[in-house]
């Protein structure tokens, strides 16, 4: 069951309404009633477990990528900024976009407990490598499957156009026999495949 406003709830037909009640009373679903403006939110318990496994797997892979980059001689730090791309439907048609601090996200787990995550910027890491008197600065986005969304591709192009990063790498997981290895693909190669 999606979060629905009271106006949408009034428009639900009788059949949908009874299905929502079945979900709320089922052992297969977990329903949250904590928002007074919205009526119930049901999540399938098996999907919730899959989501937890995915999130923890992604975190472990991110740690593996960081360790791999540090072993290769890079100085790695979490990037805590994001790009606010210009909206085409706004009156401001400057098309500039800007870097903003990433939003702090409060992820709830259990009752009354939660954790504040700060590092939700894009890309995941900023890496430095000393080259003589200068430093090479790159961004690294960690994706288990190596696929960037349309918005992420636009953000990568924005960073590169303005020279914030000299290149952006996408780290993905590759399984070879019984081993997992990290593969890095430069965003320029991904941009060539874009339409």
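In my numbering, the protein residues as written are 6 to 200. Beta carbons: idealized from backbone N, C-alpha and C, even for Gly.
Residue i (DSSP reduced to helix, strand or coil)
i, result
"residue 139", "strand"
"residue 168", "coil"
"residue 35", "strand"
"residue 153", "coil"
"residue 66", "helix"
"residue 127", "coil"
"residue 94", "Low confidence applies to residue 94: its pLDDT is 48, below 50, so where it sits in the model is not reliable enough to give any reading."
"residue 134", "strand"
Residue i, enclosing beta strand (DSSP E) - first and last residue
i, result
"residue 107", "Premise fails: residue 107 is in no beta strand (DSSP E) and is neither H nor E."
"residue 82", "80–83"
"residue 86", "86–89"
Rounded Cβ spacing between residue i and residue j (contact assumed at less than 8 Å)
i, j, result
"residue 160", "residue 88", "5 Å"
"residue 133", "residue 80", "4 Å"
"residue 63", "residue 149", "6 Å"
"residue 130", "residue 82", "7 Å"
"residue 69", "residue 187", "6 Å"
"residue 151", "residue 86", "Not really, about 23 Å apart at Cβ, beyond 8 Å."
Residue span of the alpha helix (DSSP H) that contains residue i, given as start and end
i, result
"residue 148", "Segment: none, residue 148 is in no alpha helix (DSSP H) and carries neither H nor E."
"residue 182", "Taken as a continuous stretch (DSSP letters only), residue 182 belongs to no alpha helix (DSSP H), as it is neither H nor E."
Residue i - partner residues in DSSP beta bridges
i, result
"residue 201", "The chain is shown from 6 up to 200; residue 201 falls before or after that span and cannot be answered."
"residue 192", "DSSP, once it has assigned bridges, lists no residue as partnering residue 192."
"residue 103", "89"
"residue 176", "147 and 189"
Exercise for the section: Count the CB pairs spanning the segment 174–191 and the segment 132–150 that are closer than 8 Å, and state whether there are at least three. Expected result: With the cut-off at 8 Å, the segment 174–191 and the segment 132–150 touch.
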